[in-house]
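Engineer: Residue numbers (my numbering), protein chains in the order written: chain R, 4 to 377; chain X, 4 to 377.
Protein chains: 2
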Amino acid sequence: MENGDSFPLMNSLPSRRHFLKASALAAAALPFIPKFSLAAAPKRKLGFALCGLGNLSTNQIAPALQETEYCKLAGIITGTPEKARRWQAQYNLPDHSVYSYDTMSKLADNPDIDVVYVVTPNGLHADHTIAAAKAGKHVLCEKPMEVSVEKCRQMIDACKTAGKQLAIGYRLHFEPNHQECIRLVREQVLGSLKFIEAGFGFAIGDPAQWRLKKELSGGGPMMDVGIYALQAMRYLSGEEPISVSALATTNDKVKFRDIEESLTWQMAFPSGVLANGNTTYGFSGINRFSANTDRGWLALNPAYGYHGISGSRSDGKTIRLADMNQFAAEMDDFAQCILGNRPTRVPGEEGLRDMKVISAIYESVRTGKVVNLT
Amino acid sequence: MENGDSFPLMNSLPSRRHFLKASALAAAALPFIPKFSLAAAPKRKLGFALCGLGNLSTNQIAPALQETEYCKLAGIITGTPEKARRWQAQYNLPDHSVYSYDTMSKLADNPDIDVVYVVTPNGLHADHTIAAAKAGKHVLCEKPMEVSVEKCRQMIDACKTAGKQLAIGYRLHFEPNHQECIRLVREQVLGSLKFIEAGFGFAIGDPAQWRLKKELSGGGPMMDVGIYALQAMRYLSGEEPISVSALATTNDKVKFRDIEESLTWQMAFPSGVLANGNTTYGFSGINRFSANTDRGWLALNPAYGYHGISGSRSDGKTIRLADMNQFAAEMDDFAQCILGNRPTRVPGEEGLRDMKVISAIYESVRTGKVVNLT
């Protein structure tokens, strides 16, 4: 079982390794996130167990762990013994660091594991998050948080009950170009925000994959990649939408019999800002946002990949801060939060907020009505 | 009384005068418009009477008439005697070529006038079009055609009854960059169309102008400039939308007490193509469309001005065909249609189709529901 981004663009770009102290940098650039002192965190490496060894864990997260300052791979949780053997050999993992989904309660007996990183299909996130929390572990869970608002709430409750932190894998909260765009909007460098256009989609491959099965995915491209455009709308505006409407179309009714193929949505924010979004599994090429102000604009294109994010501004300047390993930054930040006993900037509540909007988007498609969120 | 485009961008750009035989060029580039032989049209100049002498007539249409091959200014219709005197002096117009809105029936006695170009506020288009038709004149009417579907139908009926042609002032149907984009989509040069994003808006000035009064305008920026983005969606896709939804927001509730300040809309087409649109009177800077295909994209930005339209394509080529006088091309084409007894490519029925969609957009805003158009 596997989860996480699988759109082709991301892996086709050259991986650069200019790792920045992005956590500190990003925290400074996010005025709506409380700032905490980073100096206090003791320099200790927390043990991470990866739960779900699919493409994202294999090609992104495990390599990223090697680039972290505060994290180390300390365990794996997988349903496939062959994968376990391969990972044990590659990462020199002892037998007692290997778990199956059925033996997660035994994580409680392993003091080397501090955090479980849940990278399984969307519809299993709650099960694995709750199991990890019950075993006394902090949880970092991939986006989308789950497939329903109710499941998200259960995850938050379980971690709260266990006294453990829950973070969602919103890697772009640790990406300097996105943080720079947030700063430009907040400080009104190019004017006062009025309108956002954002979209992300790709032509999905293998028709047998879990992403196309609603029970595991919870929905189509909106859940998987549209969520990045939704995130951009939310963190650029710094607001929660008050009304949402959406349309969906499906051309390939065999491949997409369970989920939407393409979807557009629009949202109104309390300030009067309007936003148009789109997402698709039907074609590649949309990977962008633009934000118009009363006297200019800024845009990222490409906006959401692992590398090569860049953009432009109405004043002629480019936006191209140094590439870095977003997963390493995300994990290091979470480790520092745990070590320093301070809250993450991407808590379960942030995942829940997205899930509320996505649920409203699907409700609008289903009912043909504008859905009010209050 | 005046009508037509008044967004500042248009007049601030340098006027170039590379007049092309755009009508023939555009007809060839529009596969969904029947082609007619242009060779048969006798070379005679038709007399145009301008009905409404506001900014658009003064700064665009009257100068454009001087650049036409098949048209000449033969009369004026105005409610302001002072304007009549000024125009008479400037264009050497005899007294019998000057009419008020109340004396339009007397146009019937003036054989020098073949066409009335209606350039009054939206909500008066039907009155003036019907009066002109009853006086036996062909009518070219500015966009938007009127303020309701019913009014549009009355205009079509009146011209049909009179045996006269009715054209709507959709100048971009005669603009070579737009025609090139239509060709690229139709011939699938960059792939098969999947998604369109289009928007047009500007910060409106004078709070006393008729555009802000719903009785005369019929609505806000959607009627005035959003219609260009809607047109782009319709002629790029070559389809009529089957469902529409929209959201509107207003920040300045004094200035915009009668109409929307900003509006986004989305549409689904029968082929599965989705489109996101936006329009505003609240801020300037959005004047664009982009069309994504299954293997590329094309875009114009700026897209809708009188001059300087240009764009780009995913294959690295630019789109920048020679600037021309869109109003001259529009009027020459209509004159040739009349002289050659062939239908215009921008008939009243085309204006009616837009009005149906715009009515659905406003209905969606009003009801909070997706509106199905079948």
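For every residue, glycine included, the Cβ atom is placed at its ideal position computed from N, Cα and C. Note that the structure is predicted; figures quoted are calculated from it, not measured.
1) Establish whether the CB of GLY221(R) and some CB of chain X are separated by less than 8 Å.
2) Examine chain R for any beta-carbon lying closer than 8 Å to the beta-carbon of LEU187(X), and answer yes or no.
3) Once you ignore the five residues that flank THR296(X) on each side, which residues in its own chain have a CB closer than 7 Å to its CB?
4) GLN269(R) CB to nearest chain A CB: under 8 Å?
5) Would the segment 299-314 of chain X count as touching the segment 173-190 of chain X if we require 3 or more Cβ pairs under 8 Å?
6) Taking the alpha helix (DSSP H) that ASN180(R) falls in, what are its first and last residues?
7) Hey, would you say SER265(R) sits closer than 8 Å to LEU376(X), going by beta carbons?
8) What distance in whole Å lies between the Cβ atoms of LYS140(X) and ASP117(X), which are believed to be in contact at a cut-off of 8 Å?
9) Within this structure, are the beta carbons of CYS162(X) and ALA136(X) separated by less than 8 Å?
10) From TRP300(X) to ARG316(X), what does the alpha carbon distance come to, in whole angstroms?
11) LYS119(X) by DSSP, collapsed to three states: which one?
12) Taking Cβ positions only, does SER265(X) come closer than 8 Å to chain R?
13) If I measure Cβ to Cβ from CYS144(R) and keep anything under 6 Å in the same chain, skipping five residues before and after, which residues do I get?
14) Starting from the beta carbon of LEU376(X), find every residue of chain R whose beta carbon is closer than 9 Å, and list them in chain order.
15) Quick one: is LEU379(R) near chain X, going by C-beta distance under 8 Å?
16) Along the chain, where does the beta strand (DSSP E) containing GLN269(X) start, and where does it finish?
17) Quick one: what does DSSP say LYS167(R) is sitting in, helix, strand or coil?
18) May I have the straight-line CA-CA distance separating MET334(R) from LYS167(R), to the nearest angstrom?
19) So which residues of chain R does VAL192(X) contact, with C-beta pairs closer than 9 Å?
20) Could you say if the segment 217-229 of chain X and the segment 232-244 of chain R meet the contact criterion of at least three C-beta pairs nearer than 8 Å?
21) How many angstroms separate the CA atom of GLU149(R) from the CA atom of ASN254(R)?
22) Would you list the residues sitting across from LYS75(X) in a DSSP beta bridge?
23) Since GLY204(X) sits in a beta bridge, which residues does DSSP pair it with?
24) Can you tell which of MET226(R), THR252(R), ALA67(R) has its C-alpha closest to the C-alpha of ALA363(R)?
25) What residue range does the beta strand (DSSP E) around ALA294(R) cover?
26) Could you say which of ASN328(X), THR282(X), ILE341(X), ARG260(X) lies nearest to ILE64(X) if we only look at CA atoms?
27) Just to confirm, is the Cβ distance from CYS147(R) to ASP336(R) under 8 Å?
28) Got a sec: which bits of the segment 292-307 of chain X sit with their beta carbon under 8 Å from any beta carbon on chain R, in order along the chain?
29) Among ASN344(X), ARG47(X), SER60(X), TYR73(X), whose alpha-carbon lies nearest the alpha-carbon of ALA332(X)?
30) Return the bridge partner residues of THR83(X) from the DSSP annotation.
31) Is it right to say HIS99(X) is buried, meaning 16 or more other beta carbons lie within 10 angstroms of its own, or is it exposed?
32) Give the residues of chain R in contact with LEU277(X), contact being defined as C-beta atoms less than 7 Å apart.
33) Bridge partners of PHE330(X), per DSSP?
34) For THR252(R), tell me which candidate among GLN157(X), PRO273(X), ALA235(X), ARG214(X) has the shortest Cα-Cα distance.
35) In chain order, what residues of the same chain lie with their CB nearer than 6 Å to the CB of TYR102(X), ignoring the 5 residues before and after it?
36) Return the CA-CA distance between VAL228(R) and ILE207(R), expressed in angstroms with no decimal places.
Structural biologist: Considering the structure as presented:
1) Position 218 of the first sequence, counted from the first residue, corresponds to residue 221(R). No - not a single Cβ of chain X is within 8 Å of the one on GLY221(R).
2) Position 184 of the second sequence, counting from 1, holds the residue named residue 187(X). No, LEU187(X) lies away from the interface with chain R (no Cβ there is under 8 Å from its Cβ).
3) What you label residue 296(X) is simply residue 293 of the second sequence in a count that begins at 1. Excluding five sequence positions before and after THR296(X), the CB atoms of its chain that fall closer than 7 Å to its own CB belong to LEU193, GLY194, SER195, LEU196, LYS197, given in chain order.
4) No chain A is part of this structure, whose protein chains are labelled R and X.
5) Yes, they touch.
6) Taking the first sequence and counting its residues from 1, the one referred to as residue 180(R) is at position 177. Taken as a continuous stretch (DSSP letters only), the alpha helix (DSSP H) holding ASN180(R) covers 179-189.
7) Counted from its first residue, the first sequence places residue 265(R) at position 262. Counted from its first residue, the second sequence places residue 376(X) at position 373. Their beta carbons are not under 8 Å apart, which means SER265(R) does not touch LEU376(X) by this criterion.
8) On the second sequence, residue 117(X) is found 114 positions in, with the first residue counted as 1. On the second sequence, residue 140(X) is found 137 positions in, with the first residue counted as 1. Yes, ASP117(X) and LYS140(X) are in contact; Cβ-Cβ is about 7 Å, under 8 Å.
9) What you label residue 162(X) is simply residue 159 of the second sequence in a count that begins at 1. What you label residue 136(X) is simply residue 133 of the second sequence in a count that begins at 1. In contact: CYS162(X) and ALA136(X) (Cβ atoms closer than 8 Å).
10) On the second sequence, position 297 is the one that residue 300(X) refers to. On the second sequence, position 313 is the one that residue 316(X) refers to. Going by the C-alpha atoms only, they are around 6 Å apart.
11) Locating residue 119(X) in the second sequence gives position 116, counting from the first residue. Before going on, a small fix: residue 119(X) reads as Val here, not Lys. DSSP places VAL119(X) within a strand segment (E or B) once states are collapsed to three.
12) As a working mapping, residue 265(X) is identified with position 262 in the second sequence. Using a Cβ-Cβ cut-off of 8 Å, SER265(X) counts as an interface residue toward chain R, since at least one Cβ of chain R sits closer than that to its own.
13) On the first sequence, position 141 is the one that residue 144(R) refers to. VAL121, HIS128, THR132, ILE171, listed in sequence order.
14) Within the second sequence, the letter at position 373 stands for residue 376(X). Those within 9 Å of LEU376(X) in chain R number zero; the least Cβ separation is about 12 Å.
15) Past the edges of chain R, shown from 4 to 377, lies residue 379(R), and the structure says nothing about it.
16) Numbered from its first residue, the second sequence carries residue 269(X) at position 266. Note, GLN269(X): beta strand (DSSP E), 265-271.
17) Against the first sequence, residue 167(R) aligns to sequence position 164. In the three-state DSSP reduction, LYS167(R) falls in the coil class, being neither helix nor strand.
18) Taking the first sequence and counting its residues from 1, one reaches residue 334(R) at position 331. Taking the first sequence and counting its residues from 1, one reaches residue 167(R) at position 164. Taking the straight line from one Cα to the other gives about 16 Å.
19) Taking the first residue of the second sequence as position 1, residue 192(X) is located at position 189. Neighbours of VAL192(X) on chain R: none; closest Cβ ~15 Å, over 9 Å.
20) No, because fewer than three Cβ pairs between the segment 217-229 of chain X and the segment 232-244 of chain R fall closer than 8 Å, the two stretches do not touch.
21) Taking the first sequence and counting its residues from 1, one reaches residue 149(R) at position 146. Taking the first sequence and counting its residues from 1, one reaches residue 254(R) at position 251. Per the coordinates, the alpha-carbon of GLU149(R) lies some 26 Å from the alpha-carbon of ASN254(R).
22) Numbered from 1 along the second sequence, position 72 holds the residue referred to as residue 75(X). Residue pairing by DSSP places LYS75(X) opposite GLY50(X) in a beta bridge.
23) Taking the first residue of the second sequence as position 1, residue 204(X) is located at position 201. THR283(X).
24) The residue you call residue 363(R) lines up with position 360 of the first sequence. Checking every option, the nearest Cα to that of ALA363(R) belongs to MET226(R).
25) Taking the first residue of the first sequence as position 1, residue 294(R) is located at position 291. Residues 290-296.
26) Locating residue 64(X) in the second sequence gives position 61, counting from the first residue. It is ASN328(X) whose Cα lies nearest to the Cα of ILE64(X).
27) Counting from 1 along the first sequence, the entry for residue 147(R) is found at position 144. Counting from 1 along the first sequence, the entry for residue 336(R) is found at position 333. The amino acid occupying residue 147(R) in the given sequence is Pro; Cys does not appear at that position. A distance of 8 Å or more separates the beta carbons of PRO147(R) and ASP336(R).
28) Per Cβ criterion, the list reads ASN295, THR296, ASP297, ARG298, GLY299, TRP300.
29) Residue numbering aside, residue 332(X) sits at position 329 when the second sequence is read from its first letter. Considering only ASN344(X), ARG47(X), SER60(X), TYR73(X), the residue with the shortest C-alpha distance to ALA332(X) is TYR73(X).
30) Locating residue 83(X) in the second sequence gives position 80, where the first residue counts as 1. Beta-bridge pairing by DSSP links THR83(X) to no other residue.
31) Locating residue 99(X) in the second sequence gives position 96, counting from the first residue. That one is exposed.
32) Translated into positions along the second sequence, residue 277(X) becomes position 274. In chain order: LEU250, THR252, SER265, THR267, ASN281.
33) By 1-based counting over the second sequence, the position of residue 330(X) is 327. Within the DSSP bridge table, the entry for PHE330(X) names no partner.
34) Working through the first sequence from its first residue, we reach residue 252(R) at position 249. Taking only the C-alpha atoms, the option nearest THR252(R) is PRO273(X).
35) Residue 102(X) sits at position 99 when you count from the first residue of the second sequence. ILE80, listed in sequence order.
36) Here residue 228(R) refers to the residue found at position 225 when the first sequence is read from its first residue. Here residue 207(R) refers to the residue found at position 204 when the first sequence is read from its first residue. When rounded, the distance between both Cα atoms is 11 Å.
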